[in-house]
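These protein sequences, in sequence, are chains R and Z.
Per the numbering used here, the very first residue in the first sequence carries number 1468; after that it's consecutive.
Per the numbering used here, the very first residue in the second sequence carries number 854; after that it's consecutive.
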Amino acid sequence: MIRAEGLTKRFGDVTAVDALDLDIAPGEIFGYLGPNGAGKTTTVKLLTGLLRPTAGRVFIGGHDVQADPRAAKKILGLVPDQPYVYPHLTGHEFLRFVGDLYEVDGGYQKKKIPELLEMFEIADRGDELVETFSHGMRQKLVLAGVLLHQPKVLFLDEPMVGLDPKSARLVKDIFQTLARRGVTLFMCTHVLEIAERLCHRVGIVERGRVTRAGTLAELRAQSSSGGSLEDVFLSLTGGDRDKDLLRALD
Amino acid sequence: MEAAAFAALGILFFVFLHWGALRFLRAVHGVELAGPLLLVKILSMALLTAFFMILFSATITSFTTLFFARDLALLVHTPLPHRTLFAFKSLETAVFSSWMMVLALLPFLAAYGRVTGQGAGFYLLLAVLGMPFAWLASAGGIGLSLGLMRVFPARRVRDIMLAVAMGICTGLFLWVRWLAPAKFLRADTMSATLEYIALLEAPSSPWLPSTWYAQAVAAFLNGSAREAVFYGAALVFAAALAFALLVAAGERSYYAGWVAAQECDRRKKRRPLGAEWRGVPGFFGTRFRAILGKDLAVFFRDPNQWSQLLMLASVAAVYLLSIHKLPLDSRFLKGLVSFLNIGMTGFVLASVALRFVFPAVSLEGRSWWALRSAPLSLWEILWSKFLGGVAPIAVLGVVLVGVSNHFLGVDPFVTRLSNLTVLVMAVTLAGMGVGFGALFPRFGVENVAQIQTSAGGVLFMVTGLLYVALTLALEAVLMRMHYFSAVVGRSLWSGPVVAAVLAVMALLNLLAFFLPLVWGHRHLSRADV
């Protein structure tokens, strides 16, 4: 459902994404992990057509994102790393705006928008301007917007940031339900527990290159340490070296 | 390459402005007896206008820089005293709100110096006194927003902008009318030459910094050093006093105002889907309608945006009233003014496009991702911005040119020509506005004024005015044939010349419309958003 072939993005001398190859199946939740500045957000921008690659191609549901962006974007949904939403629109209006951009049927919107607001527990604030919303509420609003147009592929860049525990649980359940219905999810996250619990496969990116990819069991086999995904991740990215530095602080 | 081309265009424009100002001021200087006094009066009017423009700009800008800027959350919590923070932010506001006006005055002031035969000392005086002058205007605007923020809660203060803007616009209107520029054009309306001279000699208003500035310059030109020092000192002293008073006021109430600004009025509910949304006709299609409705809703809910409508309305009113009051008793003068009227309307349309169309792409701000990730092409986004901008500009242009033509009593040919020209100019300027806005997007800025006064905004204005000037130059050929035919009583129209003019005009409009749009599209499609 998501296919990347030799995807590369260079900003001057800096290579943010380096010859990325991906193939993610329908109904799969793919976790994309890496340290800060590894190129995760740039990858999401390339995969969703927000950024033009220096080399390589991306296919979403068989549609080339650069050659046929409209067909590709019609079936994808994006939750960006920062939930920036027009501050002078109300929550209700933002959802209507998104629904119209994706040409969602008016009658369906009328029925679905209050349901989504209710589900994310922001119905009582739906007619207030977004500028009064907290970070978590905006995040919920963006998630509601994505669910409104029923995408087949979902890109999630740190989707849990700012959510309270109850909402985070709700969102995790939603993701699993969507995957069971055949929706493909590509998720960047720093919360390794979430990746461990939700993702069918995980890719680890460092300095723009995917250094490891596979199921948790496969990654465990590749690393020197077994145990949790956190141990595996730190072992693979060299994060355990920080233990020596921490000792020096004592 | 593009940057060099734009820089060359900018320099060309300033040379052109300077040349125009030079010709105009030389003609005024040549007027017997009253010439030098008229020059001072013109300088005084230019400075008065600049003063009010800076004041207005500072009022709007300071709300953002002093109370809503993102960096304040960090700065307020550093050990930096609030008084120091306020002083620095005030100076920053003064620079933001005055640099464009200063830039616009430069070609005029340089021409002024050349006409009056001045050397380096004159320009030094202008520069030295220009700083306290710009600061005084900015301090007025900053003081106004500080006071409003102190007296009214955060949410209401932005609504109160309506009254503030209206007050400033009315003030500007009255001052300009009070100076009655039309009177200066016609010495024969005065009962005696002495009365005319007396009117010119009288300072505009002894309490206005623009008068002190103009009087200091006039005294310098006359060689009366004592008077020049007096007015110069008044300007510097007033600026220092304004700084001291402002900082003292900031020390007392800035922090409280900033805290109030962080609070949002949660109880202010809106009906689901504002009236703005429903106001967009259905034939635009669902997606265009969504973007247009959203833009309309955001426009009328953001005081930074709609408050500029008032400024625009007052400028239009001043312009139309001036046309109405113009003493036009000869056929030639009437023809000349009705021809220049097309250019003036073009100038107003370019200014409106700068304020409302050029920022359209940038105003998507950090929510740009929502449009770019949706299934619509970049061209569709740009067209929707164009459609949203072109209608109000065209309506304004037709109203302006229609009413002014009515006042002038022009003949049917000029009426038809000016109506058609204004419609074409509205379309081209709206296209240029969207194109330049896409070529120089500023998604990260917090205030629409920062978008308009950016380098891209200045370039758009320069290019827009060049386009208007070229249109006017081409139409001069047609107007000339029309009027000379009327004077000699037989047709002097030449088919090939008309065809050539129309062909060049079509080419000019096609290039001016499409080139910026294509460049803007290319830039946005490559930009990291």
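Idealized CB from N, CA, C, for every residue including glycine.
Check: When we look at the beta-carbon of residue 1624 (chain R) and count the other beta-carbons within 10 Å, is it buried (16 or more) or exposed?
Finding: buried
Margin query: So with CB distances below 8 Å, who are the chain C contacts of residue 1222 (chain Z)?
Written below: As a matter of chain content, chain C is missing from the structure shown, whose protein chains are R and Z.
Check: Does the beta carbon of residue 1352 (chain Z) sit closer than 8 Å to a beta carbon anywhere in chain R?
Finding: no
Next item on the list: List the residues of chain R whose Cβ lies closer than 7 Å to the Cβ of residue 1228 (chain Z), in chain order.
Entry: 1537, 1540, 1541, 1569
Check: Shorter than 8 Å from the beta carbon of residue 1565 (chain R) to some beta carbon of chain Z?
Finding: yes
Item checked: Residue of Z:1085, Z:1354, Z:998 minimising C-alpha distance to residue 1392 (chain Z) -> The question about residue 1392 (chain Z) has no answer, for chain Z in this structure spans 854 to 1382.
Next item on the list: Please classify residue 1487 (chain R): is it buried, with 16 or more other beta-carbons within 10 angstroms of its beta-carbon, or exposed?
Entry: buried
Next item on the list: Note down, in chain order, all residues in the stretch 1141–1152 of chain Z with a beta-carbon under 9 Å from any beta-carbon belonging to chain R.
Entry: 1142, 1143, 1144, 1146, 1147, 1150, 1151, 1152
Checklist line | Beta-carbon contacts of residue 906 (chain Z) that lie in its chain and below 6 Å, excluding the five residues immediately before and after | finding: 954
Checklist line | Cutoff 7 Å; reference residue 966 (chain Z); Cβ partners in own chain excluding five residues on either side | finding: 975, 976
Margin query: With a threshold of 8 Å between beta-carbons, can residue 1556 (chain R) be considered close to chain Z, or not?
Written below: yes
Checklist line | Enclosing alpha helix (DSSP H) for residue 1508 (chain R) [first to last residue] | finding: 1507–1514
Notebook entry, point to check: Three-state secondary structure (DSSP) at residue 1468 (chain R)?
Noted result: coil
Checklist line | C-alpha distance - residue 1634 (chain R) paired with residue 1612 (chain R), whole-angstrom precision | finding: 16 Å
Notebook entry, point to check: How long is the line joining the alpha carbons of residue 1570 (chain R) and residue 1678 (chain R), rounded to whole angstroms?
Noted result: 40 Å
Next item on the list: Compare the C-beta of residue 1582 (chain R) against all C-beta atoms of chain Z and say whether one is closer than 8 Å.
Entry: no
Item checked: With 16 other Cβ atoms within 10 Å as the buried cut-off, status of residue 933 (chain Z) -> exposed
Next item on the list: Kindly identify the DSSP beta-bridge partner or partners of residue 1654 (chain R).
Entry: R:1498, R:1623
Checklist line | Distance between residue 1696 (chain R) and residue 1672 (chain R) (C-alpha atoms, nearest Å) | finding: 14 Å
Notebook entry, point to check: Going by beta carbon distance, what residues of the same chain come within less than 6 Å of residue 1038 (chain Z), once the five residues before and after it are set aside?
Noted result: Confidence at residue 1038 (chain Z) is low in this model, with a pLDDT of 48, below 50, so its placement is unreliable and no value can be given for it.
Next item on the list: Could you name the residues of chain R that residue 1378 (chain Z) contacts, counting a contact when the two beta carbons are closer than 8 Å?
Entry: 1519
Checklist line | Length-filtered (4 minimum) alpha helix (DSSP H) runs lying within the stretch 938–1013 of chain Z | finding: 973–1004
Next item on the list: Kindly list the residues whose CB is nearer than 6 Å to the CB of residue 1063 (chain Z), restricted to its own chain and excluding five residues on each side of it in sequence; keep chain order.
Entry: 900, 901, 904
Note to self: Is it buried or exposed, residue 1300 (chain Z), if we count other Cβ atoms within 10 angstroms and call 16 or more buried?
What the structure shows: buried
Note to self: Taking 8 Å as the threshold (C-beta atoms), are residue 1476 (chain R) and residue 1518 (chain R) in contact?
What the structure shows: yes
Next item on the list: Hey, could you find the ends of the alpha helix (DSSP H) residue 1288 (chain Z) is sitting in?
Entry: 1265–1292
Checklist line | Within chain R, partners of residue 1420 (chain Z) - CB distance below 7 Å | finding: Past the edges of chain Z, shown from 854 to 1382, lies residue 1420 (chain Z), and the structure says nothing about it.
Next item on the list: Could you spell out the range, first to last residue, of the beta strand (DSSP E) harbouring residue 1527 (chain R)?
Entry: 1522–1527
Notebook entry, point to check: Looking only at C-alpha atoms, which of Z:971, Z:1097, Z:1075 sits nearest to residue 944 (chain Z)?
Noted result: Z:1097
Next item on the list: Compute the Euclidean distance between the alpha carbons of residue 1349 (chain Z) and residue 1201 (chain Z), then round it to the nearest angstrom.
Entry: 32 Å
Checklist line | residue 1175 (chain Z) to residue 1256 (chain Z) span [Cα, whole Å] | finding: 12 Å
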